[in-house]
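K.L.:
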Amino acid sequence: MGSDKSLLRLAVLASGRGSNLQAIIDSIKNSTLAAKVVVVISDNPEALALERARQEGIPAVSLPPAEYRTKDEYEQRLVEVCEDSQADLVVLAGYMRMLGRTFLKRFPNRVVNIHPSLLPSFPGLHAQRQAIEYGVRFSGCTVHFVDEGMDTGPIILQAVVPVHSNDTEETLAERILVQEHQLYPQALNLIARGQIQIEGRRVRLKE
Ligand code: GAR
Numbered sequence: 267m268g269s270d271k272s273l274l275r276l277a278v279l280a281s282g283r284g285s286n287l288q289a290i291i292d293s294i295k296n297s298t299l300a301a302k303v304v305v306v307i308s309d310n311p312e313a314l315a316l317e318r319a320r321q322e323g324i325p326a327v328s329l330p331p332a333e334y335r336t337k338d339e340y341e342q343r344l345v346e347v348c349e350d351s352q353a354d355l356v357v358l359a360g361y362m363r364m365l366g367r368t369f370l371k372r373f374p375n376r377v378v379n380i381h382p383s384l385l386p387s388f389p390g391l392h393a394q395r396q397a398i399e400y401g402v403r404f405s406g407c408t409v410h411f412v413d414e415g416m417d418t419g420p421i422i423l424q425a426v427v428p429v430h431s432n433d434t435e436e437t438l439a440e441r442i443l444v445q446e447h448q449l450y451p452q453a454l455n456l457i458a459r460g461q462i463q464i465e466g467r468r469v470r471l472k473e
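Quick note: the sequence shown uses my numbering, first residue 267, plus one each step.
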């Protein structure tokens, strides 16, 4: 597989269902994303994401934080696994923990996340519920670089969906998820093709 050298190597971190992971894998399979998932890591040994990885023959690593004495030790192990797999980019796909400095300083501007709201609105947990409770007419999803804040890093791409008056957290989440599955592979492909440049807070998309 000589062409592998040109592929962006992704370490995917996921805590649960892994539908975004699957969308990434599917985009790689249908050649719309020039990348390779080199490892899937979860803080949750039961995560369906790990099972999805195994089914695809991708190394699946379970790293429950409770097995480490401190967050620092946990993150050091996380760094090791990502470095051992020679990942170019760390992709958070439903990873429900904040990464701290120990991890982020080893991957400067090389960690991305997807969040189910139009940031900077509704960061943190239950973004869809927050949007409904606030009464916004539109919400969506955001792919962004990760910094030490809560969902605060430079924004790469966003997609918008309407919020209907009879929406529940679940129906809105479902509508947003359809967009997530398109947006994340698209954003990763921009990175893979070198079409992204970070300028302070802003991300320039190069033609
Ligand atoms: C997705 O909706 C993702 O945007 C969200 O968790 C879900 C994971 O679904 N992430 C966050 O809320 C991060 N703060 P998945 O496991 O099926 O990809």
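Beta carbons are placed, not taken as given, at the ideal position from N, Cα and C, and that holds for glycine.
For the beta strand (DSSP E) that residue 367 lies in, which residues bound it at each end?
P.N.:
It is not in any beta strand (DSSP E) - residue 367 instead sits in the alpha helix (DSSP H) that spans 367–370.
K.L.:
Could you tell me which whole alpha helix (DSSP H) segments of length 4 or greater appear in the region 287–358?
P.N.:
DSSP runs (the alpha helix (DSSP H)) wholly in the region 287–358: 314–321, 337–350.
K.L.:
Do you know whose CA, among 380, 431, 392, 436, lies nearest residue 425's CA?
P.N.:
Taking only the C-alpha atoms, the option nearest residue 425 is 380.
K.L.:
Using the Cβ count rule (16 or more neighbours within 10 Å means buried), how would you classify residue 286?
P.N.:
Classification for residue 286: buried.
K.L.:
Residues in its own chain within less than 6 Å of residue 377 by CB, not counting five upstream and five downstream?
P.N.:
356, 412, listed in sequence order.
K.L.:
Beta-carbon separation of residue 293 and residue 325 under 8 Å?
P.N.:
No, the pair does not count as a contact, with Cβ atoms beyond the cut-off.
K.L.:
Can you tell which of 295, 449, 330 has its C-alpha closest to the C-alpha of residue 421?
P.N.:
Closest by alpha carbon: 449.
K.L.:
Quick check on DSSP: helix, strand or coil for residue 402?
P.N.:
Reduced to three states, the DSSP call for residue 402 is coil.
K.L.:
What number of angstroms, rounded off, separates the C-alpha of residue 404 from the C-alpha of residue 460?
P.N.:
Computed Cα separation, rounded: 31 Å.
K.L.:
When you compare the CB positions of residue 273 and residue 313, do they come within less than 8 Å of one another, or not?
P.N.:
No.
K.L.:
Short check: CB of residue 307 to CB of residue 358, under 8 Å?
P.N.:
Cβ distance not < 8 Å, so residue 307 and residue 358 don't count as in contact.
K.L.:
Which whole-angstrom value is the C-beta distance of residue 462 and residue 471, which I expect to be below 8 Å?
P.N.:
At roughly 6 Å, the Cβ-Cβ gap stays under 8 Å, so residue 462 and residue 471 are in contact.
K.L.:
Does the Cβ-Cβ distance between residue 416 and residue 390 come in under 8 Å?
P.N.:
Cβ atoms of residue 416 and residue 390: closer than 8 Å.
K.L.:
Alpha carbon to alpha carbon, what distance is there between residue 431 and residue 353?
P.N.:
When rounded, the distance between both Cα atoms is 43 Å.
K.L.:
Using three-state DSSP, classify residue 283 as helix, strand or coil.
P.N.:
Looking at residue 283 - three-state DSSP - the assignment turns out to be coil, as it is neither helix nor strand.
K.L.:
List the endpoints of the continuous alpha helix (DSSP H) containing residue 447.
P.N.:
First-last of the alpha helix (DSSP H) with residue 447: 435–458.
K.L.:
Among all the DSSP beta bridges, which residues are the ones paired with residue 418?
P.N.:
The partner list for residue 418 (beta bridge, DSSP) is empty, contrary to what the question assumes.
K.L.:
Are at least three pairs of beta-carbons, each pair with one atom in the region 393–404 and one in the region 428–446, less than 8 Å apart?
P.N.:
A contact exists between the region 393–404 and the region 428–446.
K.L.:
With a cut-off of 8 Å on the beta carbons, I'd call residue 298 and residue 338 a contact; round off their distance for me.
P.N.:
Residue 298 to residue 338, Cβ: 38 Å. No contact.
K.L.:
Tell me which residue opens and which closes the beta strand (DSSP E) that residue 378 is part of.
P.N.:
Where residue 378 is concerned, the enclosing beta strand (DSSP E) stretches over 377–381.
K.L.:
Pick out whichever of 444, 410, 349 has its Cα sitting closest to the Cα of residue 464.
P.N.:
The shortest C-alpha separation from residue 464 is found at 410.
K.L.:
Would residue 445 and residue 429 be called neighbours here (beta carbons separated by less than 8 Å)?
P.N.:
No, the pair does not count as a contact, with Cβ atoms beyond the cut-off.
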